[in-house]
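Participant:
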Amino acid sequence: MTGPSLMDSLFQRSIDDLIKALRLTPPGTEAAFVAKAIEEIRREIRSTDPHTKASALQKLTYLHSLHGLDMSWAAFHSVELSSAAAHSHKRTAYLSAALSFNPATTDVILLLTHQLRKDLSSPNVHDVSLALSTLSSICNSDLARDLTPELFTLLSSSKVTVRKKAIATVLRVFEQYPDAVRVCFKRVVENLENSDMGILSAVVGLFCELTENEPRSYLPLAPEFYKILVDCKNNWVLIKVLKIFAKLAPLEPRLGKRVVEPICEIMKTMGAKSLVFECVRTILTSLSEYDSAVKLAVNKVREFLSEDDPNLKYLGLQALAIVAQKDILAVVENKDLVVKALSDSDVNIRFEALRLVMCMVSEDNVMEICRILISHALKSDPEFCNEILGFILLTCGRNYYEVVFDFDWYVLFLGEMARVPHCQKGDEIATQLIDIGMRVKDARSQLVNVTRELVIDPALLGNPFMHAVLSAAAWVSGEYIKLSRNPFEIIEALLQPRTSLLSPSVRAIYIHSAFKVLMFCVYSYLKLNGEESSLPSTLTDSELVSDVELDDHNMIVTNGQAPSASSITHHLTQESLLALVNLVEINLGPLAGSNEVEVLERSTNVLGLIKLIKPMLLGSLNDCEGDQTKGELKASETVKMIFDSCSEDLGPVSVNAQEKVPIPDGLVLKENLDDLEEICGDIKLPVLTSFSLVRPQFAETSNSAECQGKDESELSTGSTSLLAEHRKRHGLYYLSPGNTVTTSNDYPPAHDPKDMAIDEDEDLAKLTEKSLLTGKKPSQSKPRPVVVRFDDGEVTNAATNRTEIKAGLISGAVNEVLLGDEATTSSSSRRKPPKSRRAAEDSNVSITEYKSDASKIDQSEHSKAGLGGSKHNGHGKERRRRSSGKDKEHDRKDKHKSDSAAYGKHRSRHRADKAVEAQAPVIPDFLL
Amino acid sequence: MIRGVIVMNDQGNPRLIKFYEFQPPEKQQELVRSIYRILCSRAENVSNFVKADSLLGPNVRLVYKTFSTLYFVFIFDKSENELAMMDLMQVFVETLNKCFREVCELHVVFNFYKIHMILDEIILGGQVLETSSEEVANAVDAISRLEKNANSMIPSFSGWHR
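Chains A and B, in that order, are what the protein sequence lines are.
Using this note's numbering, you'd call the opening residue of the first sequence number -5 and step up by one each time.
Using this note's numbering, you'd call the opening residue of the second sequence number 230 and step up by one each time.
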């Protein structure tokens, strides 16, 4: 690359030329064009001619700002040009610096210090303005420290423009270099009494930002702010003052009492909507204990909501959301408008309205609200429709269905939601269907009705979003089949041809549910027969009998509820059962060749079972002979076993349950299983997992284990032999029958009071006492069903305590200035207010040492960054260093300081030796 | 505090990007793209606020307004009043109108420097400085005059070449 020649200067493209050429560039070739332009700029920018240089820098800045090009390499050129005599060149240089310098990493910023100082002291207003605006953009701790004296001078400049710009710049300087507060703060405060609106607006704006962190430090200024609030008529200033009071009022109750009236006055008399809204927000957030004011504010909100302007409507809803946290009645009063907003054309408004509506939900109105919402969901666009459904599911499911009293209704409603055309919340609905099934016993019969509707409808199978719901429905149908009116119908639905549209995993659930239904039918048939022909009593051990009775009871209950439902027994003839078995066999036969493992496994299971029971059915049909009776006995025994295993009540499982399972003695979890691979060869995980799913109860009697083994062996005889070998080697099962039966099965059997008592000892399960207590509504005719829940922290609702990042340094210095000032002026005998002298900078600290610290603060002071950790480091270091260099005077003043919020943390060791003084009132009494 | 001001056209091309806290250029471009995606999906006559939590962090709000082919976007945090920001945007556009007479997109395209100059008179370091378009226009005129005079008084090399 050659240096810039005369030709370059002569034929240099101006920024306008560049923009024009860029606009004419055909799309797609821009990158090449820009690359070429950059090359030109690189040449031109090295020119000694300031005009050429400025032009090049202009072009570069343009490309950087709007096309995202890197210009960090040109930082030095910006610095160089900033000393140009012509104001326009200076402006170019400073703008490029402001747009491209990174205060944290651009190291040439320091070279700008001298030029900035010169310009800040320039007699030319525009030079000063330019320097101030640049300083506020690129300010780092070094710049802030070095330029504080100049800024101090400018804070009392006679030129309004300069003074207000200086005030605005002060914010950045304080952030970067808190010690500047000590120098400048008094002058800043003096400006609070300025009559010029520009200056007042700037200084109030500055305080609005400063009070964002540690508002307590600024309480002594309350009288000044109060005066502005009462006297000032400028909307911009008033808005900022209101924002300040919103932060100060909660800290000092007497202050709230004092300002609430003027604020209401402003709200009533001023026309500007922005100001009125700010009043409303201030009252609702910070003065909510003044009922009349809140009432007034809510009335204003109502006005906003009734306006046509969507912005006012939106803000009105947001204001209501603030009230909702404290006073839900105010929202309920405006229910009509909120509900109307649900059908607004603006998605923002709809969303806010939805949030509010969900705030209003309680036990009493949940049904009504859900009805309204679903009608809205049906007519809105897919996105919002799902938003609504999601909100309903979230609200109703919150805290174990806290707001749901009538589960029959809710279960029906879930089914309705699943059928909403745009519904994509299948997963959530499915989870709740299963969850309610497990937790709420009383809801099961209705649940079975709902899921029957879902499973039976062939149209739903075509909708992929429904598959999750369908899988849950299929599971529920199978699990609670004894509550069903017509198992035959269910099994037909589970095997309908369109199930081929389902994904393999869902289909596997369908088949497994069909398996359970089939088991149920066969078992019922056997039981019926048993009653008629009085089966040999050897089959029934005592436990089974009790189970049977229980089931019997259940069936009778359901049958009693619906007279036609006695069809279970009605249908159960040998022929019908055989037809059913054939149906299953025909439908599942082809699936035995499926290449989906889950489907294959499940269907093989069912087919294996059929193989087992079919001879029995045929046998009894053909009026059996001796040995066949024997086979039948054995088969019926098996059926009973399997049925019992299926009919065991599944309870909800706590998310923490796994941790609670104690590791059985002798089970080595960390043993190297490498040699297992040799034994297993290429058969791996699937087999192992399928085995570990075996219910522990099965292993209790060797007999049933054999049956199970038989069942399994249909699936893969090879793998079991390998497993057997493995077991022999280790001498134990994965879930040894002895200990793990009790431990791994530790979840509370959902509704067994006996077991509850035992489980309460273990503190695993507890009924919702709370929901029962709150459910004492006289209007409710029936009691709320029991919802099983755990109190072992199943829901991790640990409120994430965000570490608050606070500008302790600034507020510390502010405290010092304000309160030190007051101490000298006020002659009252009042105890001296809290004071933070610690922040005083010591003179004997070398500059270099300071720099390293300051850069840390620089990082931490950025409120945007989540650098909580490094911030604390910075603070700690700063504190330590400073305290080490404290002089005597400061020591003396230390005696007077008391704790001031978080600031005190860093100084705890200093005040350990003296009693903690109570916080003295920081606002002069004459105000309050 | 105002976090940033963006002007872009209805094709999503940025015409002015100014952030009051340093943002790397890639981040700026990305923000412009994401904001454009949100804005162009919004119908007319709807509210001018956009939730920007996902883009810019919590409590950061965004207000926009369409003027012919341009989107004006102000990004700000909770120390600013939403409606006041709309007013400020109006002040900005009015000032542009005063400085360029019937401002259109081309003015904004070709006056990169002047637009920044105007904005700097209204907002400094994220703080609102001036809310009267009259005052801003006067200040900008004064600067332009100064630059012209300075250029004629101190002839630079290139001036001499030409």
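Glycine residues also receive a C-beta, built at the ideal position from the N, C-alpha and C atoms.
Just so we're clear, the structure is a prediction, and the values are computed from it rather than from any experiment.
(1) Pull up the distance between the alpha-carbon of A502/A and that of E592/A, whole angstroms please.
(2) Is S17/A close to chain B, meaning its C-beta is less than 9 Å from at least one C-beta of that chain?
(3) Locate the beta strand (DSSP E) running through I246/B, then write down its first and last residues.
(4) Between the Cα of E356/B and the Cα atoms of K307/B, L285/B, P287/B, which residue gives the shortest distance?
(5) Tell me whether the beta-carbon of N277/B lies closer than 9 Å to the beta-carbon of K294/B.
(6) In three-state DSSP terms, what is N134/A?
(7) Along chain B, which residues have their Cβ under 8 Å away from the Cβ of T425/A?
(8) Thinking C-alpha only, which one of A266/A, N229/A, D285/A is nearest V254/A?
(9) Mapping DSSP to helix, strand and coil, what is M237/B?
(10) Would you give the residue range spanned by the beta strand (DSSP E) that T445/A belongs to?
(11) Return the CA-CA distance between M346/B and I233/A, expressed in angstroms with no decimal places.
(12) Give the residues of chain A in contact with L260/B, contact being defined as C-beta atoms less than 9 Å apart.
(13) Look at the alpha carbon of V322/B and the alpha carbon of E362/A, and state the distance between them as a whole number of angstroms.
(14) For the putative contact between V175/A and L148/A, defined by C-beta atoms under 8 Å, what is the C-beta separation to the nearest angstrom?
(15) Check this for me: beta carbons of L137/A and I161/A, under 9 Å apart or not?
(16) Going by C-alpha distance, which of L406/A, V516/A, L572/A is nearest R365/A?
(17) Just to confirm, is the Cβ distance from C178/A to F219/A under 9 Å?
(18) According to DSSP, which residues form a beta bridge with F295/B?
(19) Express the C-alpha separation of E250/B and L51/A in angstroms, rounding to a whole number.
(20) Give the straight-line distance between the Cα atoms of S458/A and L496/A, rounded to the nearest whole angstrom.
(21) Taking C-alpha atoms, which residue in T163/A, T155/A, L106/A lies nearest to S127/A?
(22) Just reading off the alpha helix (DSSP H) that K241/A is part of, what are its end residues?
(23) Looking at the strands, I want to know which residues DSSP matches up with I352/B.
(24) How would you list, in chain order, the residues of chain B whose beta-carbon sits under 9 Å from the beta-carbon of A196/A?
(25) Distance check for V183/A and I804/A, CA to CA, integer angstroms please.
(26) Residues of the region 159 to 175 of chain A with a CB closer than 7 Å to any CB of chain B: list them in chain order, please.
(27) Can you tell me the Cβ-Cβ gap for I450/A and F514/A, rounded? I've got them flagged as a contact below 8 Å.
(28) I want to check one thing, is the minimum distance from the CB of V337/B to the heavy atoms of the ligand ADP below 8 Å?
(29) Where does R290/B fall in DSSP's three states?
(30) Checking contacts by CB at 9 Å: is Y946/A closer than that to chain B?
(31) Against chain A, does K327/B count as a neighbour if the rule is that its beta carbon must be under 9 Å from one of theirs?
(32) Using a Cβ-Cβ cut-off of 6 Å (strictly less than) and excluding sequence neighbours within five positions of L57/A, which residues of its own chain qualify?
(33) If you reduce the DSSP assignment to three classes, tell me which class K53/A lands in.
(34) Kindly list, in the order they appear in chain B, the residues whose Cβ is closer than 7 Å to that of D340/A.
(35) Shortest alpha-carbon distance to H416/A belongs to which of P20/A, K227/A, F378/A, P452/A?
(36) Which residue spans inside the region 337 to 415 of chain A form an unbroken alpha helix (DSSP H) run of at least 4?
Facilitator: According to the structure data:
(1) One-based indexing of the first sequence puts residue 502/A at position 508. One-based indexing of the first sequence puts residue 592/A at position 598. Each residue's alpha carbon lies about 6 Å from the other.
(2) Within the first sequence, numbered from 1, the residue matching residue 17/A stands at position 23. Checking the sequence, you will find Arg at residue 17/A rather than Ser. Output row for R17/A: interface = yes.
(3) Position 17 of the second sequence holds residue 246/B. 243 to 248 is the extent of the beta strand (DSSP E) around I246/B.
(4) Here residue 356/B refers to the residue found at position 127 of the second sequence. Looking at the sequence shown, residue 356/B is not Glu but Gln. Restricting attention to K307/B, L285/B, P287/B, the CA atom closest to the CA of Q356/B is found in K307/B.
(5) In the second sequence, residue 277/B corresponds to position 48, counting from 1. In the second sequence, residue 294/B corresponds to position 65, counting from 1. For the 9 Å CB-CB criterion, N277/B and K294/B form a contact.
(6) For the purposes of this step, residue 134/A is identified with residue 140 of the first sequence, where counting begins at 1. Three-state result, N134/A: coil.
(7) Locating residue 425/A in the first sequence gives position 431, where the first residue counts as 1. At a C-beta separation below 8 Å, T425/A has no neighbours in chain B, since its nearest C-beta there lies roughly 25 Å away.
(8) The sequence position of residue 254/A within the first sequence is 260, counting from 1. The alpha carbon of V254/A has as its nearest neighbour, out of A266/A, N229/A, D285/A, the alpha carbon of D285/A.
(9) For this step, residue 237/B is matched to residue 8 along the second sequence. Correct three-state label for M237/B: strand.
(10) The sequence position of residue 445/A within the first sequence is 451, counting from 1. Premise fails: T445/A lies in the alpha helix (DSSP H), 438 to 450, not in any beta strand (DSSP E).
(11) Working through the second sequence from its first residue, we reach residue 346/B at position 117. Working through the first sequence from its first residue, we reach residue 233/A at position 239. Spanning the two alpha carbons is a distance of roughly 26 Å.
(12) Start at 1 with the first residue of the second sequence, and residue 260/B comes out as number 31. Correct list: empty, because the minimum Cβ distance to chain A is about 11 Å.
(13) By 1-based counting over the second sequence, the position of residue 322/B is 93. By 1-based counting over the first sequence, the position of residue 362/A is 368. Their Cα atoms are separated by approximately 48 Å.
(14) Position 181 of the first sequence holds residue 175/A. Position 154 of the first sequence holds residue 148/A. So it is not a contact: roughly 16 Å between Cβ atoms.
(15) Translated into positions along the first sequence, residue 137/A becomes position 143. Translated into positions along the first sequence, residue 161/A becomes position 167. In terms of Cβ geometry, L137/A and I161/A do not form a close pair [threshold 9 Å].
(16) Against the first sequence, residue 365/A aligns to sequence position 371. Ranking the options by Cα distance to R365/A, first place goes to L406/A.
(17) Numbered from its first residue, the first sequence carries residue 178/A at position 184. Numbered from its first residue, the first sequence carries residue 219/A at position 225. By the CB criterion at 9 Å, C178/A and F219/A fall outside the cutoff.
(18) Position 66 of the second sequence, counting from 1, holds the residue named residue 295/B. Here residue 295/B turns out to be Thr, not Phe, going by the sequence shown. DSSP lists Y300/B as the beta-bridge partner residues of T295/B.
(19) Mapped onto the first sequence, residue 51/A falls at position 57. Mapped onto the second sequence, residue 250/B falls at position 21. One C-alpha to the other measures close to 22 Å.
(20) As a working mapping, residue 458/A is identified with position 464 in the first sequence. As a working mapping, residue 496/A is identified with position 502 in the first sequence. In the sequence on display, residue 458/A carries Pro and not Ser. Those two C-alpha atoms are separated by around 8 Å.
(21) Translated into the one-based positions of the first sequence, residue 127/A becomes position 133. Comparing Cα-Cα distances from S127/A to each of T163/A, T155/A, L106/A, the minimum goes to T163/A.
(22) On the first sequence, position 247 is the one that residue 241/A refers to. Per DSSP, the unbroken alpha helix (DSSP H) holding K241/A starts and ends at 229 to 242.
(23) Looking up residue 352/B in the second sequence gives position 123. DSSP lists V357/B as partners of I352/B.
(24) In the first sequence, residue 196/A corresponds to position 202, counting from 1. Ordered by position in chain B, the residues that pass the 9 Å Cβ test against A196/A are L353, Q356, V357, L358.
(25) Taking the first sequence and counting its residues from 1, one reaches residue 804/A at position 810. Taking the first sequence and counting its residues from 1, one reaches residue 183/A at position 189. Going from the Cα of I804/A to the Cα of V183/A covers about 15 Å.
(26) Close to chain B, meaning a Cβ-Cβ distance shorter than 7 Å, are the following residues of the region 159 to 175 of chain A: K159, A162, T163, L165, R166.
(27) Here residue 450/A corresponds to residue number 456 of the first sequence, with the count starting at 1. Here residue 514/A corresponds to residue number 520 of the first sequence, with the count starting at 1. Not quite, the Cβ-Cβ distance comes to about 17 Å (not below 8 Å), so this is no contact.
(28) Absence of the ligand ADP is noted for the structure shown, with no ligands found whatsoever.
(29) Here the question's residue 290/B lines up with position 61 in the second sequence. It is a strand residue.
(30) An answer regarding residue 946/A cannot be provided, because it is not within the stretch -5 to 922 covered by chain A.
(31) Stepping through the second sequence from its first residue, residue 327/B is reached at position 98. Chain A contact via Cβ: absent.
(32) Within the first sequence, numbered from 1, the residue matching residue 57/A stands at position 63. Within its own chain, the residues whose Cβ lies closer than 6 Å to the Cβ of L57/A, once the five positions on either side in sequence are excluded, are L63, listed in chain order.
(33) On the first sequence, residue 53/A is found 59 positions in, with the first residue counted as 1. It is helical.
(34) In the first sequence, the residue the question calls residue 340/A occupies position 346. Here the neighbours are V275, S276.
(35) On the first sequence, residue 416/A is found 422 positions in, with the first residue counted as 1. If we check each option's Cα against that of H416/A, F378/A comes out closest.
(36) Segments of the alpha helix (DSSP H) lying fully in the region 337 to 415 of chain A: 341 to 354, 360 to 373, 376 to 395, 401 to 412.
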